[in-house]
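Sequence order for the protein chains is A and B.
Be aware that the first sequence starts at 1, since it is given in my numbering, and climbs by one per residue.
Be aware that the second sequence starts at 1, since it is given in my numbering, and climbs by one per residue.
What follows is a short report on a single structure.
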Amino acid sequence: MKGAARGGRQTRSPELARSRADILRGTGGLRTRLVMLGIAFLFGSIALQLARLATTGGLDMVATLTEPVARSYVRPDILDRGGRLLATDIEMPSLYADPFLVQSIDEVTERLGGVLPDLNEGELRRTLSDRNRRFIWLKRGMPPKVAQRVHDLGLPGLDFRTELRRAYPLERLAGHVLGSVNVDNRGISGIERAIDDTIGVEPSHGAASNAGTPVRLTLDLGVQHAVEDELLGAMTRFEAKGAAGLVMDIRTGEMLAASSLPGLDPSQPGEALAPERLDKIQGGTYELGSIFKILTVAMALEGGNTKLDTVLDVTKPLTAGRFTIKDLHSSGRPLTVSEVFIHSSNVGSGLLALAEGPDKQKAFLEKLGLMTPMRTDAGPVAPPQLPPRFGRVEQITVAYGHGMAVAPIQFAAATAAVLNGGTAVTPTYFRGRNDAATPGARLVSAETSNSLRVLLRRNVSEREGTGRRADVPGYRVGGKTGTAEMPGRGGYQEKSVVASFLAAFPMDAPQYLVLVLLFEPKGTAEADGEVLAGRNAAPTAGRVIARIAPLLGVKPDGDVAQLPAGTP
Amino acid sequence: MHPLTVSAAFLAISSAFLLYGLSYDTRQLEARVAAEERRAELARSDIAVLKAERAHLARPSRIEPLARAQGLAPLTDKQVTDSVPASDIRTGAVNR
């Protein structure tokens, strides 16, 4: 049994061994193949990864990993109409801290305080002790010299990033128009805000990059400076609390200058909060006084029942309820419409408005865009303050510029339409937005516009004209004075006025409109002790025109006191 | 050893050297590009500062006093005239 068993084993063993070897050989081949496949896969993936890195580049990845979250925005340069620089981006170092790497908070606060005295130490200590944060701005936009001193302290955990900061090389010039930017270089007011809203700004990584096409404004640096300089001079001469002035292309509405004093430094956005620094051109509304009579006379002429030689009885004061309206210097005789304008008769203007009626008066002001809020490129204009209803009193007072307050820029746009031949204009600060070849909608007839040109010119060229002190030889200036008492406690204040002068030149074919406002001028010796616009605003406008007319290329010509009039 | 194995090994080693060389060159070129870009950025930033400085120096509030100190003044209507023939100027026929 045993032998048989052994014999049996012996006889079976070669088969078994063969089959085992077969199995073994078979298994061994599979294993080798598997290992080879694995290695091939490994090498393949490495090759693929290499190829990917070679094509995409690994540096970007590194850059994004070290990029902090904060970033500033790239802004386009702002140029004036002649291509001169008004605002640009420059690189400045900004200091930040990584609290995780700061070794001694005491040392950092103490030594940094020595270089940057305006740093709030308590606040600094508090932010630096939060070691979970990895990025904290300490001071943004510092002069390179100061940055070098901080760098020389060699404090661990502090580092710099170059950021783009807005620079206004002309300081306060046109500060109100330009507006300002916030700490991230985004526009918050004025043209800067308009750039964000209409053109758009891109975030940057601190490096100077291509900021795109510069924005070209309609402002003219030379004209802007002349206006600001003359307004500043007038503020000193007449001891005024403020002044404002604008120069507008009368056909296109392009603003060549807009200034409001006291001025604003765009690099100090906090200044805008001071009430006296309010933008008086489009941020405030004022009762503009007699310059409104330009519109009243235009309305009367448009009505068709009134001509320039229509006679009005202005000898008796006008009464409306408990109010009595009379003229400052009554001539004591009936006046023609032309004389009402040149003598600036409140009674005459009231009569003209009453003759037209409240509906026509409202419709006319509506047509000129004075009843609805307006917008310019530099932001919204302060909405007009209108009388609640157009009763007899309101009709009369609005006729001579009281009881209704509008922003000067809105009034200038309305008057430009009356004087430019009768077509609507929209004030703009962006060059190329308004096209002179496509005039706006017709608001008044060419005849009315021509008559008003004659009246404005006569008001400056004639001896009894209130605007005679605005005349500039050769430039055919026309204009209208306005002296509005300012509302105060207990009614209007006689001695505190807004003196204004609205002028256009050259009056035979007006090209430019000039509006000058003086706020609370005093009756100084230069003004012969008076606060009337004819004594302060008119000569100021004259000085402005004398300076800007040559800059604007207006050709001086022989005086044309009497223009060929469409309507007598 | 099988000749195929030898040639494959040779190919692998040589391509490794080639790849390394290529990658090294690429890195060098990238570093040069980065350096050039940095220089361009620096130049651009310098230009921006210089432009701002030029505008600051040419600001009208600075130029005006300088011009007035030189005896210059704004143009007046008396200084503008139509173009006239040169002969009239010589004969003194033009008198504005």
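All C-beta atoms, glycine included, are put in the ideal place defined by N, C-alpha and C.
Item                                                                                                                                                                                : Value
Name the DSSP beta bridge partners of residue 14(B), please?                                                                                                                        : Bridge partners of residue 14(B): none, in fact.
Name the residues in the segment 222-255 of chain A whose C-beta lies less than 9 Å from a C-beta of chain B; which are they?                                                       : 222, 224, 225, 226, 228 and 229
From residue 37(B) to residue 189(A), what distance separates their C-alpha atoms?                                                                                                  : 34 Å
Along the chain, which unbroken stretches of the beta strand (DSSP E) at least 3 residues long are found entirely within the segment 419-462 of chain A?                            : none
Which residues of chain A have a Cβ atom closer than 8 Å to the Cβ of residue 2(B), listed in chain order?                                                                          : Those do not exist, as residue 2(B) stays about 15 Å from chain A at its closest Cβ, beyond 8 Å.
Exposed or buried, what is residue 47(A) when buried is set at 16 or more other beta-carbons lying within 10 Å of its beta-carbon?                                                  : exposed
According to DSSP, is residue 66(A) part of a helix, a strand, or is it coil?                                                                                                       : At residue 66(A) the pLDDT is 45, less than 50, meaning the model places this residue with poor confidence and gives no usable figure here.
Does the Cβ of residue 266(A) have 16 or more other Cβ atoms within 10 Å, making it buried, or fewer, making it exposed?                                                            : buried
In three-state terms, what does DSSP make of residue 287(A)?                                                                                                                        : coil
Could you compute how far the alpha carbon of residue 458(A) sits from the alpha carbon of residue 180(A)?                                                                          : 43 Å
Hey, is residue 48(B)'s beta-carbon within less than 8 Å of any beta-carbon in chain A?                                                                                             : yes
Mind checking if residue 39(B) is an interface residue toward chain A, Cβ cutoff 8 Å exclusive?                                                                                     : no
For the beta strand (DSSP E) that contains residue 502(A), what are its first and last residues?                                                                                    : 491-505
Report the CB separation of residue 516(A) from residue 113(A) in whole angstroms; it is logged as a contact under 8 Å.                                                             : With 8 Å as the limit, residue 516(A) and residue 113(A) do not qualify as a contact, their Cβ atoms being about 49 Å apart.
Where do the ends of the alpha helix (DSSP H) carrying residue 237(A) lie?                                                                                                          : 221-237
Going by beta carbon distance, what residues of the same chain come within less than 6 Å of residue 260(A), once the five residues before and after it are set aside?               : 176, 244, 279, 280 and 281
Since residue 90(A) and residue 48(B) are thought to touch, with beta carbons under 8 Å apart, how far apart are those beta carbons, to the nearest angstrom?                       : 5 Å
Under 8 Å: do the segment 376-390 of chain A and the segment 478-491 of chain A share three or more Cβ pairs, one atom per stretch?                                                 : no
For residue 227(A), which option in 554(A), 410(A) and 548(A) has the closest C-alpha, if you only look at C-alpha atoms?                                                           : 548(A)
Between residue 222(A) and the rest of its own chain, which residues show a CB-CB distance below 7 Å, the 5 nearest in sequence each way excluded?                                  : 551
Can you give the Cα-Cα distance for residue 495(A) and residue 530(A), rounded to whole angstroms?                                                                                  : 9 Å
Give the C-beta separation of residue 371(A) and residue 358(A) to the nearest angstrom, bearing in mind that I take them to be a contact with Cβ-Cβ under 8 Å.                     : Rounded, the Cβ-Cβ distance is 13 Å, inconsistent with contact.
By Cβ distance, which residues of its chain are closer than 6 Å to residue 634(A), with the 5 residues on each side in sequence left out?                                           : Outside the shown range of chain A (1 to 568) lies residue 634(A), about which nothing can therefore be said.
Taking only beta-carbon atoms, is residue 475(A) less than 8 Å away from chain B?                                                                                                   : yes
Please tell me whether residue 555(A) has its Cβ less than 8 Å away from any Cβ of chain B.                                                                                         : yes
Evaluate contact between the segment 103-111 of chain A and the segment 54-69 of chain B, counting only Cβ atoms and requiring at least three cross-stretch pairs below 8 Å.        : no
In the DSSP assignment, find the beta strand (DSSP E) that holds residue 519(A) and state where it starts and stops.                                                                : 512-519
State whether the segment 326-337 of chain A contacts the segment 374-382 of chain A, with contact taken as three or more CB pairs (one from each stretch) at a distance under 8 Å. : no
Mind the definition here: the segment 469-482 of chain A touches the segment 490-507 of chain A only if three or more C-beta pairs lie below 8 Å; say whether that holds.           : yes
Starting from residue 540(A), trace the alpha helix (DSSP H) both ways and give me its first and last residue.                                                                      : 537-551
Pull up the CB-CB distance for residue 396(A) and residue 217(A), whole angstroms please, since I reckon it's below 8 Å.                                                            : With a Cβ gap of about 41 Å, residue 396(A) and residue 217(A) do not count as contacting.
Taking Cβ to Cβ, would you say residue 347(A) is nearer than 8 Å to residue 317(A)?                                                                                                 : yes
Do residue 305(A) and residue 355(A) have their C-beta atoms within less than 8 Å of each other?                                                                                    : yes
If you drop the 5 nearest sequence neighbours on each side, which residues of the same chain put their C-beta closer than 6 Å to that of residue 23(B)?                             : none
Contact criterion: CB-CB distance below 8 Å. Does residue 61(A) meet it with respect to chain B?                                                                                    : The pLDDT assigned to residue 61(A) is 48, lower than 50, so where the model puts this residue is not dependable; a value taken from the coordinates is nonetheless given after this. False, the Cβ-Cβ gap to chain B never drops below 8 Å.
Would you grab the beta carbon distance between residue 158(A) and residue 150(A) for me? Rounded to a whole angstrom, and I think it's under 8 Å.                                  : 7 Å
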